[in-house]
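A.B. asks: Let me give you the structure first, and then I'll get to my questions.
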Amino acid sequence: MSRKYEGLVVLDTKGIDTSIDELVSTVGQLIEAEGAKLDEVKNLGRKTFAYNARQIEGGHYVSYMFDAEPEVINKIKTSLDLADNIYMHNYNRVS
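Using our numbering, the letters of the sequence shown map in sequence onto residues 64 to 158.
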């Protein structure tokens, strides 16, 4: 049974050669490659972190709304853990 999820991804844009839009699109393609169906992508912009973690002062926040089976979430997490330029990602089921 497919469920609706929201994935919040924080991109590490330090030292990237491509544009932010290309990076957002690439992450969306990674999510879809694992079996999810993207509904909406919201670019929330760059925000500064409360403290300097891992020598990074801030990140670019993007919200991905998608439909997926529950087991697909673990595949997405694994895939994004291995991807470059991903600082953090978190997923919540939307009712």
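Each residue gets a CB set at the ideal place from its N, CA and C atoms; glycine is no exception.
All of these numbers come straight from a predicted model, not from anything done at the bench.
Return the first residue and the last residue of the beta strand (DSSP E) that D80 is part of.
C.D. replies: Neither: D80 is in no beta strand (DSSP E) and is coded neither H nor E.
A.B. asks: Any idea which residues DSSP pairs S126 with across the strands?
C.D. replies: The partner list for S126 (beta bridge, DSSP) reads L71 and K105.
A.B. asks: Return the Cβ separation of N148 and L74 in integer angstroms, given the expectation that the two are a contact with Cβ distance under 8 Å.
C.D. replies: About 6 Å; that satisfies the 8 Å criterion.
A.B. asks: Tell me whether the region 98 to 111 and the region 151 to 158 touch, counting them as touching only if at least three CB pairs, one residue from each stretch, are closer than 8 Å.
C.D. replies: Taking 8 Å as the limit for Cβ pairs, the verdict is that the region 151 to 158 does not touch the region 98 to 111.
A.B. asks: According to DSSP, is G121 part of a helix, a strand, or is it coil?
C.D. replies: G121 falls in the strand class under three-state DSSP.
A.B. asks: Enumerate in chain order the residues of its own chain whose CB-to-CB distance from Y68 is below 8 Å, with the five nearest sequence positions on each side excluded.
C.D. replies: Hits under 8 Å: A99, M128, F129, D130, A131, I136, Y154, N155, R156 and V157.
A.B. asks: Rounded to whole angstroms, what is the Cα-Cα separation between D80 and E134?
C.D. replies: Looking at the two C-alpha atoms, the distance is approximately 33 Å.
A.B. asks: Is it the case that the Cβ atoms of G122 and T76 are separated by a distance below 9 Å?
C.D. replies: Going by C-beta atoms, G122 is nearer than 9 Å to T76.
A.B. asks: Just how far apart, CA to CA, sit T141 and L93?
C.D. replies: T141 and L93: Cα-Cα distance of roughly 11 Å.
A.B. asks: Look up K110 in the DSSP assignment and give the residues it is bridged to.
C.D. replies: For K110, which the question treats as bridged, DSSP gives the partners G122.
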